[in-house]
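Residue numbers (the numbering used here): 4 to 201.
(1) Excluding the 5 residues flanking residue 200 on each side, which residues of the same chain have their C-beta closer than 6 Å to its C-beta?
(2) Hey, would you say residue 157 sits closer than 8 Å to residue 30, going by beta carbons?
(3) What do you get for residue 134, buried or exposed, if any count of 16 or more other CB atoms within 10 angstroms of its CB means buried?
(4) Check whether the Cβ atoms of residue 60 and residue 102 lie closer than 8 Å to each other.
(5) Roughly how many whole angstroms lie between the Cα atoms of residue 96 and residue 63?
(6) Evaluate contact between the segment 124–143 and the segment 66–79, counting only Cβ atoms and requiring at least three cross-stretch pairs below 8 Å.
(7) If you draw a straight line from the alpha carbon of residue 34 to that of residue 160, how long is it in whole angstroms?
(8) Tell me, please, whether the segment 80–88 touches the segment 98–118 by the rule of three or more beta-carbon pairs shorter than 8 Å.
(9) Find out if the Cβ-Cβ distance for the pair residue 142, residue 112 is shorter than 8 Å.
(10) On the premise that residue 145 lies in contact with residue 55, defined as a C-beta separation below 8 Å, what is that separation, rounded to the nearest angstrom?
(11) What is the rounded straight-line gap between the Cα of residue 8 and the Cα of residue 169?
(12) Exposed or buried, which one is residue 125 when buried takes at least 16 other CB atoms within 10 Å?
(13) Across which residues does DSSP place residue 104 in a beta bridge pair?
(14) Assign residue 23 to one of three DSSP states: helix, strand, or coil.
(15) Is residue 115 buried or exposed, if buried means 16 or more other CB atoms sit within 10 Å of its CB?
(16) In whole angstroms, what separates the C-alpha of residue 25 from that of residue 166?
(17) Rounded to a whole number of angstroms, what is the C-alpha to C-alpha distance between residue 16 and residue 44?
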């Protein structure tokens, strides 16, 4: 009996190995350079370049301090110098420089204000977020550079492999015939055992 069990386990392992090799072969066949390039072009179409801004900000603890900074800017003060001197944010040593960012990378009130500015402009009223009060200056705008094929290749390979697996599962389900045998298939639904209350 133990020998039979071992044989069954070995046969099941062999079947599993055959299925795995078959699936790996199907995935390898789907991962051609041509299909990967087609997937990359589709990715670029479905993920158009977003706009980015390059900005600086001065973070202050209250609205009055932010309004005072705006007043100094209106009188000709240099943004970078005020950021270094007054900002409570971690970018203060860099003159408030935040680098390039897209709209979804910052909290909503900050992003909304920044993306309404033209290069060279700063906010004329303070912008409040959960971090405090901001004065924002936009230095430049650009279309976000598209990712290279190498940057998204692993993601594309995984997506194609998942599609192959999904297609195989779907095909197996369509070919499968499910039959219920035995007394459970013919037995009527049990009647309620308790009489209904009158």
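By construction, the Cβ of each residue, glycine as well, lies at the ideal position given by its N, Cα and C atoms.
Predicted model only: the values in this text are computed from it and were never measured.
Considering the structure as presented:
(1) A caution first: residue 200 carries a pLDDT of 45, below 50, which makes its placement in the model too unreliable to give a value.
(2) no
(3) exposed
(4) no
(5) Note on geometry: alpha-carbon atoms of residue 96 and residue 63 lie some 15 Å from one another.
(6) yes
(7) For residue 34 and residue 160, the distance between alpha carbons rounds to 7 Å.
(8) yes
(9) no
(10) 6 Å
(11) 32 Å
(12) buried
(13) 56
(14) Three-state DSSP puts residue 23 in a helix.
(15) exposed
(16) 15 Å
(17) 40 Å
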